[in-house]
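Under the working numbering, the first residue of the sequence shown is numbered 142, with each subsequent residue one higher. Idealized CB from N, CA, C, for every residue including glycine.
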Amino acid sequence: MNKIALITGITGQDGSYLAEFLLKKNYKIYGIVRRNSTVFNYKNIDHIKNELNLRYGDLTESSSLFSVISEIINDNKELSVFEIYNLGAQSHVKISFEIPEYTTNVDATGTLKLLDCIKNLSENIRNKIRFYQASTSEMYGAVLEVPQKETTPFNPQSPYACAKVYSHFLVKNYREGYNLFACSGILFNHESQRRGDNFVTKKVINYVKSIKNKDSLEIDNNIKPLKMGNINSKRDWGHAKDYINGMWLMLQQDNPDDYVLAMGQTTTVRDFINISFLKIGIKLKWEGEGVDEKGYDEKTNTVLVEINKKYFRPCEVELLIGDSSKARNKLGWKPEYDTLDKLIDDMLDY
Ligand code: NAP
Ligand code: G4F
142 MNKIALITGI TGQDGSYLAE FLLKKNYKIY GIVRRNSTVF NYKNIDHIKN ELNLRYGDLT
202 ESSSLFSVIS EIINDNKELS VFEIYNLGAQ SHVKISFEIP EYTTNVDATG TLKLLDCIKN
262 LSENIRNKIR FYQASTSEMY GAVLEVPQKE TTPFNPQSPY ACAKVYSHFL VKNYREGYNL
322 FACSGILFNH ESQRRGDNFV TKKVINYVKS IKNKDSLEID NNIKPLKMGN INSKRDWGHA
382 KDYINGMWLM LQQDNPDDYV LAMGQTTTVR DFINISFLKI GIKLKWEGEG VDEKGYDEKT
442 NTVLVEINKK YFRPCEVELL IGDSSKARNK LGWKPEYDTL DKLIDDMLDY
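Written as structure tokens, this is what we have:
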């Protein structure tokens, strides 16, 4: 069987794990990469780069998408399975407030370009294609139901989430209107050592690792506190490796459908910070309120965490907690990193 996969966002956290996973299943993998002015942005895929077929492209440019899909079809006449994973995105919620138009062009209109390209293929080829869309729990926004599941109404709170809602409904529309095998995975936050440095978990872990080897915080005057935004919001965090497995399972079913992937446990950012510091033997005590709140090392009284309002968002998503019963029952999806503790240990690289 000639199995082909095309991954947009292959250089990102999920795309790189998915590529590793599919290589082990003997897929021939194509990936779309963006040109970068200084370096090859291949850190996450460097170790497998020679086994991949990488092509320059961008979700904002239809011709590049058409060109790579045409090449795949022409060069793989015997293809029997062609899976397209649309993971490419401007994926940072806070940054989407600063570049809303670009975020929409990539995260919303980009999906339209890709789906339309597939829609216009011959029926024979189209019937071999299975499409995965990276939908997100951010679409629930100011949540209208607890926990959130596939039927929970969306109430997006950022340009990023609005763009993802557009793509989510477009996938449903193309599935129903053109009979495409197209699924959306509504994934709750998932993290790993490959998480971008400016997402909250990785930012905290990087800081904790940076002070891990200090002999004494008391005599180290060079310690600059970690600057955080809203530490009271709650997230349902899992491990990226478990979530990419779920994406693949969605495309192996007889019929296309949408599924929530989540751990079903929610934790405040504050507790994520507390637990991460405890891992290196530091117990934090919190004093003050609002932007004046600080986290101190209980032993030495050194200030280790401060609040900086520059990290606040115009609208915040206060609470996310998912119900993934449908994926667990129908797909048999079962995460291996089943506690936050295991996720943090892995991110700390013990
Ligand atoms: P990520 O690490 O930020 O990776 C994003 C990928 O998209 C990168 O490969 C990036 O390429 C690529 N990209 C950005 N702009 C693009 C453009 N204009 N054209 C083509 N590719 C572009 O994100 P992730 O955490 O792996 O997430 C993967 C997908 O799942 C994203 O769509 C995200 O929105 C969604 N999602 C993530 C989570 C989560 O918790 N991680 C939860 C739900 C949904 P460069 O390397 O060149 O920047
Ligand atoms: O790590 P975050 O930036 O992730 P966020 O906004 O939940 O979005 C991530 O998960 C979504 C799934 O729900 C994805 F769709 C999306 O692509 C992305 O992967 O922030 C998490 C929470 C927020 O409430 C934020 O306000 O942490 C809070 N936070 C507090 N201080 C901070 C910081 N977030 C960041 N990035 N940096 C801080 O200093």
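Tell me which residues share the same chain as residue i and place their Cβ nearer than 6 angstroms to its Cβ, disregarding the 5 neighbours each side in the sequence.
i           : result
residue 330 : 376, 378
residue 249 : 304, 307, 308
residue 241 : 300
residue 384 : 328, 331, 402
residue 290 : 401, 464
Taking the beta carbon of residue i as the centre, do at least 16 other beta carbons fall within 10 Å, making it buried, or is it exposed?
i           : result
residue 184 : exposed
residue 357 : exposed
residue 432 : exposed
residue 272 : buried
residue 393 : exposed
residue 287 : exposed
residue 421 : exposed
residue 218 : exposed
residue 415 : buried
residue 152 : buried
residue 476 : buried
residue 256 : buried
residue 400 : buried
residue 197 : exposed
residue 295 : buried
residue 318 : exposed
residue 155 : buried
residue 413 : buried
residue 351 : exposed
In the DSSP output, what is residue i paired with across the bridge?
i           : result
residue 273 : 226, 324
residue 380 : 332
residue 427 : 436
residue 148 : 172, 226
residue 444 : 437
residue 460 : 375
Got a sec? Which residues, its chain only, sit under 7 angstroms from residue i by beta carbon, not counting five neighbours each side?
i           : result
residue 244 : 231, 237, 300, 301, 304
residue 359 : 441, 443
residue 397 : 316, 322, 323, 324
residue 388 : 159, 226, 273, 326
residue 170 : 146, 148, 160, 163, 164, 193, 194
residue 456 : 298, 299
residue 485 : 416, 417, 420
Less than 7 angstroms between CB atoms is the rule here; does residue i satisfy it with respect to chain D?
i           : result
residue 331 : Absent here is chain D; the protein component of the structure consists of one chain.
In its own chain, which residues sit with a C-beta less than 8 angstroms from the C-beta of residue i, not counting the 5 before and 5 after it?
i           : result
residue 405 : 288, 377, 462, 463, 464, 465
residue 435 : 366, 427, 428, 429, 444, 446, 447, 448
**OP:** Kindly confirm or deny that the region 374-388 and the region 305-315 touch, where touching means at least three C-beta pairs closer than 8 angstroms.
**Re:** no
Subject >> alpha helix (DSSP H) segments (min. 4 residues) lying fully within the region 287-375 >> reply: 300-319, 341-352
Original post:
Are the region 334-350 and the region 482-490 touching by the rule of at least three beta carbon pairs closer than 8 angstroms?
Top reply: yes
**OP:** Give, in chain order, every unbroken run of the beta strand (DSSP E) that is at least 3 residues long and sits entirely within the region 182-225.
**Re:** 194-197
Subject >> the region 257-264 contacting the region 185-201, beta-carbon criterion three pairs below 8 angstroms >> reply: no
Original post:
Fully enclosed by the region 385-416, which alpha helix (DSSP H) runs are 4 residues long or longer?
Top reply: none
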